[in-house]
Amino acid sequence: MLLRLLSLVSDAEAVATTQEMARRLGVGEGLLGAMLEDAVRRGYLVLVGSDCSDSPCSACQSRAACLAGASPRLWSLTDKGRRLLQQELGG
Amino acid sequence: MGPSEQAQAGDTLARARESTEALSIALLGPPYVGKTTLFDLLAGLSQRVNLRPGTTVEVRSGYYRRDGRWLEIVDLPAVYSLSASSPDEQVARDHIVKERPDVVVVMLSATNLEHGLYLVAEALELAAPVVVAINMMDAALRDGIRIEESVLRAALGVPVVAMVASRREGVQPLLEAIAGVAEGTIPYSPNPPALGPELASLLDGVEGLLGETGIPPYPRRWCAIKLLEGDREMEQLAQATLPEDRWEELHSLLHQNEDAVVAIASARYEWIDRTVRAALFRPLHDSLSLTERLDQVATHPYLGPLALGAVLALFFWLVYQVGEPLVGLLNDGVAEGSHRLRFALQGAPPWLVELLANGILGGVGTVVSLLPILAIFFLGMSALRQVGYMARAAFVADRFMRAMGLHGLSLVPLFLGFGCNVSSVLGARQVDSERARLLTILLAPLVPCSGRMVLLVFIAGLLYGGAAPLVIWGLVAMNLLLLALTGVLLDRTVLRSERPALIMELPPYRLPNWRAMAFETWQNAKEFAVRAGTVILVFSLLIWALADLPTGSMEESYLAQAGRHMEPLGRLMGLDWRMMVALLTSFLARKESALATLGILAAGGSESSLSVALPQMLTPASALAYLVVQMTFVPCASTLAAVLHQTRSWRWTAFGLGYQLALSLVVGIATYQTAHMLGWGL
């Protein structure tokens, strides 16, 4: 199921929403959320823009929106994820 | 806790420790499921905090007496899994394996059952005696979620107790289930995830290499699973425990199957999916939630872009309608202030009067009078972000931009550019591919920043009256179109790169947090005011001095002499030397400096305000050409410095500067000449 998720991410022609991805996988959004976190922890996906450690956060225009939880979260395949898909799917 | 209570708690602990029949209970669960509420309820004043040796992880423990029997309860750190990828996870799993509690209570939230079931799967694989407590049933019921306890019990093969810990509901059934499992008086036949024949055979191979004893005290099967999951701690223990040749063989097997973790995790997710499908019922979607209904339009492939255009048009209209009258009032105030100052300084040296009335009040005063537009702009942007619409706008824009060859990861940094291009350039660091990052950095200065927007709203308002919102909207659309075309051009020529796919989580629509909005607007307004009092003040004084020296006549000043060199180019756009100098200063300082410069030059020593002088300097056609150039002109010096810092390349920085300069002049000249040919507004 995790492999299918990675494969769907790889095949997406544009940004896909988590809602759309959950529908395609046939699972609930809660389970998809757990799978995304797991895939990040295992290094197959990366949460884009999650590393703001060296950025001047206080100067960022979107800081308040981030704090209010209104910013979108984005995930992208890592090299490890791409390599796995190439091995498994020969793609 | 007072001294008497401490003594009482000490007695309780001593009695409990003496009791050999005390049951040890471990509370395990992900964050925010109410585990601590349950612990506080049971342990009360007997609780104490222990620091786990070799870590900074604190674990709380306490005692509860039930039916004459002591229960020792340990509240383990909140974790999502038992992978030992964090100190919390390591402490939680070490406690279960090494302390061997009589019962492990895995607490889940009824509102997010899927998340917690992964932990249940791992606890069952660990062969721990498990009782599942599903908390927050009241919140789930409010959301229309129904959980069939009996079905879940049958699926997991372990006791399942529904509860609302905050109201003490379900606590007694939970204690009964704990006692039942510990004493073996209730059915207990756990069903951990089945790992499939291929994985099972692989696990047999790993178990074989671990030998009869495995890695004490960990269960051998579980060790094999964790080793295939790439668990570092297990690998280190295996290396330390096994003979060298067996470790080498095991290491080689693990290396060959390093992605077996995906199959293991998949098996767990399939198990969770099956369990949830059987036991959890969500409300039927005959009535869609507000978020879903709004998203049917906001994220629709065709309606979405139309909605985005409409939202932006409404936004600019509001900024103009509310901001422009306030700016007019402030601008008149600046002119009145200048008039009074001149009156009050009668008899003072003329240069001092001009410095204060024209240099400072004319320059900085004009810029400060833009504060209402800026405040409304940031308030609106903040509201759109916090309501959740900006995420949808990014989603819709991505489809458009991707169709034109742009990079998906560039989306968020480019959206930051609406506030300030510097944030946009710095935000590009999150784009992983070098070429895509460079493309994003080069495109960022084409996003209309707040400085440009302020200029646009002010000048369009003066020159176009009721048609101003349409002009503003059109110029923003032009910028975005030019940004997309530039992206296509660079992507298809020098910066071709692959476009990785993305998953985006759209936050639910919500009412904006007014405090956060006010904070964001205040922060930006403060930054603007500081800028006006420092950079723009210094710049205004410099412009005033250059416009006054050497003779005191502006037409013979150094600035006029320099500006006249640019006049031939300006004439192609219907702009005199003063407008060209203003354009140049928007690059040297901040974009808003252009208005400070115009405030000094347009007034030209007279007492009229910029709002009176500017319409006399520009025709509608030349104003349009100026706005077109200003919107696409080279970025301010701060942004350029950020570009140089991020690209670490003078060549690419110069390329970006040259490209944007050429682009702005071409579109500016084309705009004016087209208007000239059509005989419009000359």
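Same order as they appear, the protein sequences are chains A and B. If you use the numbering used here, the first sequence corresponds to residues 247 to 337, in order. If you use the numbering used here, the second sequence corresponds to residues 1288 to 1969, in order. Just so it is clear, CB atoms sit at the ideal spot from N, CA and C, and this is done for glycine as well.
Length of the line joining the Cα atoms of residue i and residue j
i, j, result
"B:Thr-1323", "B:Ala-1681", "39 Å"
"B:Glu-1807", "B:Arg-1672", "11 Å"
"B:Leu-1762", "B:Met-1918", "8 Å"
"B:Leu-1514", "B:Trp-1801", "50 Å"
"A:Ser-304", "A:Leu-251", "For A:Ser-304, the predicted structure reports a pLDDT of 48, less than 50, and the residue's modelled location is therefore unreliable. The matter cannot be settled from this model."
"B:Pro-1506", "B:Glu-1485", "21 Å"
"B:Ile-1432", "B:Ser-1711", "42 Å"
"B:Cys-1707", "B:Ala-1924", "12 Å"
"B:Tyr-1556", "B:Tyr-1405", "7 Å"
"B:Arg-1627", "B:Leu-1931", "46 Å"
"B:Gly-1704", "B:Gln-1810", "17 Å"
"B:Leu-1882", "B:Thr-1578", "42 Å"
"A:Arg-328", "A:Ser-256", "8 Å"
"B:Met-1841", "B:Asn-1618", "22 Å"
"B:Arg-1935", "B:Phe-1942", "13 Å"
"B:Ala-1715", "B:Val-1709", "10 Å"
"B:Met-1853", "B:Ala-1684", "38 Å"
"B:Met-1904", "B:Ala-1889", "8 Å"
"A:Val-273", "B:Val-1744", "48 Å"
"B:Leu-1726", "B:Ser-1373", "37 Å"
"B:Asn-1337", "B:Arg-1569", "41 Å"
"B:Pro-1592", "B:Leu-1870", "32 Å"
"B:Met-1867", "B:Asn-1766", "20 Å"
"B:Ala-1481", "B:Trp-1558", "8 Å"
"B:Leu-1358", "B:Pro-1474", "21 Å"
"A:Gln-265", "B:Asp-1491", "38 Å"
"B:Arg-1851", "B:Tyr-1845", "10 Å"
"B:Tyr-1959", "B:Trp-1967", "9 Å"
"B:Pro-1460", "B:Ile-1312", "15 Å"
"A:Val-292", "A:Leu-331", "15 Å"
"B:Leu-1601", "A:Leu-323", "37 Å"
"B:Ala-1754", "B:Trp-1939", "39 Å"
Sheet register partners of residue i (DSSP bridge)
i, result
"A:Ala-262", "B:Ile-1790"
"A:Leu-320", "A:Val-294, B:Met-1791"
"B:Ser-1625", "Looking at the DSSP assignment, B:Ser-1625 forms no beta bridge with any residue, so it has no partner."
"B:Ser-1669", "Beta-bridge pairing links B:Ser-1669 to no other residue."
"B:Ala-1565", "The partner list for B:Ala-1565 (beta bridge, DSSP) is empty, contrary to what the question assumes."
"B:Leu-1310", "B:Leu-1358"
"B:Leu-1315", "B:Val-1393"
Nearest to residue i (by Cα), restricted to the options the options
i, options, result
"B:Ser-1669", "B:Ala-1908, B:Ala-1597, B:Leu-1798, B:Ser-1711", "B:Leu-1798"
"B:Phe-1665", "B:Gly-1610, B:Val-1651, B:Gly-1850", "B:Gly-1610"
"B:Leu-1862", "B:Ala-1910, B:Ala-1755, B:Arg-1679", "B:Ala-1910"
"B:Leu-1494", "B:Leu-1462, B:Gly-1483, B:Leu-1541", "Residue 1494 of chain B is actually Glu in this sequence, not Leu. Cα-wise, what sits closest to B:Glu-1494 is B:Leu-1541."
"B:Leu-1897", "B:Val-1621, B:Ser-1370, B:Cys-1510, B:His-1932", "B:Val-1621"
"B:Gly-1350", "B:Gly-1591, B:Leu-1328, B:Ser-1368", "Reading the sequence as shown, one finds Tyr at residue 1350 of chain B and not Gly. Comparing Cα-Cα distances from B:Tyr-1350 to each of B:Gly-1591, B:Leu-1328, B:Ser-1368, the minimum goes to B:Leu-1328."
"B:Pro-1318", "B:Ser-1368, B:Asn-1478, B:Asn-1337", "B:Ser-1368"
"B:Thr-1884", "B:Val-1448, B:Gly-1652, B:Pro-1732", "B:Gly-1652"
"A:Thr-263", "B:Ala-1764, B:Val-1448, B:Ala-1678", "B:Ala-1678"
"B:Leu-1944", "B:Ala-1832, B:Ile-1502, B:Thr-1926", "B:Thr-1926"
"B:Pro-1503", "B:Gln-1334, B:Asp-1362, B:Gly-1675, B:Ala-1527", "B:Ala-1527"
"B:Glu-1470", "B:Arg-1356, B:Ser-1656, B:Leu-1870, B:Pro-1636", "B:Arg-1356"
"B:Pro-1732", "B:Glu-1536, B:Leu-1948, B:Val-1378", "B:Leu-1948"
"B:Pro-1907", "B:Ala-1962, B:Ala-1847, B:Thr-1940", "B:Ala-1962"
"B:Arg-1686", "B:Gly-1624, B:Thr-1780, B:Trp-1604, B:Pro-1588", "B:Pro-1588"
"A:Gly-276", "B:Glu-1792, B:Ala-1764, B:Val-1817, B:Ile-1512", "B:Glu-1792"
"B:Ala-1441", "B:Met-1423, B:Asn-1478, B:Arg-1455", "B:Asn-1478"
"B:Leu-1613", "B:Ile-1660, B:Val-1451, B:Ala-1309, B:Lys-1385", "B:Ile-1660"
Any non-hydrogen atom of the ligand HEM closer than 6 Å to residue i Cβ
i, result
"B:Thr-1884", "The ligand HEM is not part of this structure, which contains no ligands at all."
TODO: Return the chain-ordered ranges of every beta strand (DSSP E) run that is complete within the region 1398-1468 of chain B and spans a minimum of 3 residues.
DONE: Whole beta strand (DSSP E) segments, 3+ residues: 1417-1422, 1447-1449.
Which runs of the alpha helix (DSSP H) fall wholly inside the region 1328-1396 of chain B and span at least 4 residues, in chain order? For secondary structure counted as the alpha helix (DSSP H) over 4 or more consecutive residues, the region 1328-1396 of chain B holds these complete runs in sequence order: 1374-1381.
At least three beta-carbon pairs within less than 8 Å, the region 278-288 of chain A to the region 1545-1563 of chain B: Touching, yes, given that three or more Cβ pairs across the two stretches are closer than 8 Å.
(message) With three or more beta-carbon pairs closer than 8 Å as the criterion, would you say the region 1736-1754 of chain B touches the region 1943-1959 of chain B?
(response) With the cut-off at 8 Å, the region 1736-1754 of chain B and the region 1943-1959 of chain B do not touch.
Within the chosen definition, does the region 1898-1913 of chain B reach the region 1748-1765 of chain B through at least 3 CB pairs nearer than 8 Å?
Yes, since at least three Cβ pairs between the region 1898-1913 of chain B and the region 1748-1765 of chain B fall closer than 8 Å, the two stretches touch.
Problem - the region 1341-1356 of chain B contacting the region 1409-1417 of chain B, beta-carbon criterion three pairs below 8 Å - result: The region 1409-1417 of chain B and the region 1341-1356 of chain B do not touch, with fewer than three beta-carbon pairs separated by less than 8 Å.
Report task. Evaluate contact between the region 1821-1830 of chain B and the region 1640-1652 of chain B, counting only Cβ atoms and requiring at least three cross-stretch pairs below 8 Å. Result -> Remark: three or more beta-carbon pairs, one from each stretch, lie closer than 8 Å, so the region 1821-1830 of chain B and the region 1640-1652 of chain B are flagged as touching.
Pick out the complete alpha helix (DSSP H) segments inside the region 1463-1536 of chain B, 4 residues or longer, and give them in chain order.
Counting whole runs of 4 or more residues, the region 1463-1536 of chain B contains the alpha helix (DSSP H) stretches 1483-1497, 1507-1515, 1519-1528.
Original post:
So does the region 1458-1473 of chain B actually touch the region 1388-1402 of chain B, counting three or more Cβ pairs closer than 8 Å?
Top reply: Segments in contact, yes.
| field | Unbroken stretches of the alpha helix (DSSP H), 4 residues or longer, contained in the region 1577-1663 of chain B | value | As far as the region 1577-1663 of chain B is concerned, its whole alpha helix (DSSP H) runs of at least 4 residues are 1577-1585, 1590-1631, 1637-1641.
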